[in-house]
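Numbering (our numbering), first residue to last: 21 to 92.
Beta carbons: idealized from backbone N, C-alpha and C, even for Gly.
To keep things clear, I will list the structure first and then write my remarks on it.
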């Protein structure tokens, strides 16, 4: 899930990738945010336009954390 998280100190929007915390039946296949990050990073590396777009939307700090977590 892409979540808006307000703005940083410079007024730039903060966007994070997170697992769905309260999934309905059939939703939410990730154990935690890290599991979601790994999935998104792996799919983006395989060229998935959706996952590449998701990574492009997040702020630079979040993206660096995702790439570090996913072993890039």
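I'd like the span of the beta strand (DSSP E) that includes residue i, first residue to last.
i, result
"residue 33", "33-37"
Could you check what DSSP says for residue i in three-state terms: helix, strand or coil?
i, result
"residue 94", "Since the first residue shown for the chain is 21 and the last is 92, residue 94 is missing from the structure and cannot be characterised."
"residue 66", "coil"
"residue 51", "coil"
"residue 61", "helix"
"residue 76", "helix"
"residue 56", "helix"
So residue i is in the alpha helix (DSSP H); what residue range does that whole segment cover?
i, result
"residue 85", "80-89"
Can you list, in chain order, the residues of its chain whose CB lies under 6 Å from that of residue i, leaving out five sequence neighbours each side?
i, result
"residue 50", "39, 56"
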